[in-house]
Amino acid sequence: MNDTKQRDVFARNLQDYMKKRGVEQVDIVTKLEITASTVSDWCKGKKYPRVDAMQKLADFLGCRISDLTSEEPAQNPPLPSDEDERELLLIFRKLDRRAKHEMMAKAYELERVNTNKNIH
Numbered sequence: 000m001n002d003t004k005q006r007d008v009f010a011r012n013l014q015d016y017m018k019k020r021g022v023e024q025v026d027i028v029t030k031l032e033i034t035a036s037t038v039s040d041w042c043k044g045k046k047y048p049r050v051d052a053m054q055k056l057a058d059f060l061g062c063r064i065s066d067l068t069s070e071e072p073a074q075n076p077p078l079p080s081d082e083d084e085r086e087l088l089l090i091f092r093k094l095d096r097r098a099k100h101e102m103m104a105k106a107y108e109l110e111r112v113n114t115n116k117n118i119h
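Counting from 1, position 93 in the sequence shown corresponds to residue 92 in numbering that gives the first Met the number 0; the numbering is continuous, with no gaps.
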C-alpha cells in the first residue's frame, strides 16, 4: 500500500473508532498530550503517526494498531460511556488470560463485600 493510501485508510479508521467511542479530537489532544494540529492532520490523512503515538492512540480507543491501519479493521464492541468503566475495560483488554482471571476474582470479592454492606 502506498503512503497516500495508508494515510487515507488510517484516517478513515481513526474517524470510525472515534465515532464509535464518542471521542472528539480535543479528547485525544488532552488525554494523550498531542498537538491539535497533529491530531487534525491524522484525521484528514495528511500525516501518519509514529508507532509510539499510534500505540497510545490504539490503547486510548480500545483497539489494536492493526485495527487503525488495516483496510478492514476488526469490529470491537463499543466501550462503555462511563469513564471508570471504560478505563477498566481498556486495562482488562491488555491483560493476559491469567491476569484477567485474577482481576475477575477480585471484582467478585468486591461485589460480595459491597452487597453485604448494603444488606446490613
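Glycine included, C-beta positions come from ideal geometry on N, C-alpha and C.
Alpha carbon of E32 to alpha carbon of R49, nearest angstrom: Cα to Cα, the separation comes out at about 14 Å.
For the region 0-7 and the region 36-54, state whether three or more C-beta atom pairs, one from each stretch, are separated by less than 8 Å. yes
Nearest by alpha-carbon distance to G21: which of F59, S39, N1 is it? Comparing Cα positions, the closest option is F59.
I'd like the list of long-range same chain contacts for K30, defined as Cβ closer than 8 Å, with 5 residues on each side in sequence excluded. F59
Whole-angstrom distance between D2 and L87, CA atom to CA atom: D2 has its alpha-carbon roughly 35 Å from the corresponding atom of L87.
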